[in-house]
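In this note's numbering, the protein residues as written are 15 to 144. Glycine included, each C-beta is placed from N, C-alpha and C at the ideal position. Computed from a prediction, not measured in an experiment: that's the story for all the values here. Structure, as structure tokens:
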């Protein structure tokens with residue numbers, strides 16, 4: 015569920031299936047953090063909540079498959095005009111991401127918000143970046 019009228023992050027059916035697979039293996043409490051340093055910033059890493067501390071410089075974009083999704087504030091400033099689309103590709107993702115041993119990797123794509131969508135979320139984005 016999103017806390018904005020337009021979801022800032024969504025997931026493909028393949029990503030939702032991999033989330034369910036990881037929840038079956040590791041338990042329901044997972045979290046995502048959008049990578050800011052590798053893979054052309056396209057890797058969304060999946061963690062157990064005890065594996066990563068979320069701080070004041072992280073923005074909660076919403077949830078995918080009931081799992082919270084965060085991004086660093088500096089990276090979000092750059093991507094704020096886009097909706098993130100969590101997908102899955104064959105291969106290996108982030109070293110510490112839970113799906114690492116599956117032969118699959120979470121991958122983030124994006125699309126620009128329309129002018130109408132941006133008007134609906136602009137105030138929330140400004141609040142998150144304040």
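In this structure, the CA atom of residue 23 is about 10 Å from the CA atom of residue 85. Under the rule that a run must span 3 or more residues, the beta strand (DSSP E) segments found entirely inside the stretch 22-62 read 23-25, 45-48 and 58-61. In this structure residue 100 is in contact with residue 120, their Cβ atoms being roughly 6 Å apart against a cut-off of 8 Å.
Residue state for residue 126 is assigned as strand, using DSSP reduced to three classes. Across the structure, residue 28 and residue 143 are spaced so that their CA atoms are roughly 30 Å apart. Residue nearest to residue 106 within the set 57, 45 and 127 is 57 (criterion: CA-CA distance). In the three-state reduction of the DSSP assignment, residue 135 falls in the helix class.
Boundaries of the beta strand (DSSP E) harbouring residue 104: 96-104, taken from the DSSP string.
Across the set 44, 78, 25 and 135, the C-alpha of 44 shows the shortest separation from the C-alpha of residue 62.
With contacts defined by Cβ atoms closer than 9 Å, residue 78 and residue 31 do not form a contacting pair. In the DSSP annotation of this structure, the continuous segment of the beta strand (DSSP E) that includes residue 75 starts and ends at 72-78. Annotated as proximal: residue 46 and residue 81, with beta-carbon spacing under 9 Å.
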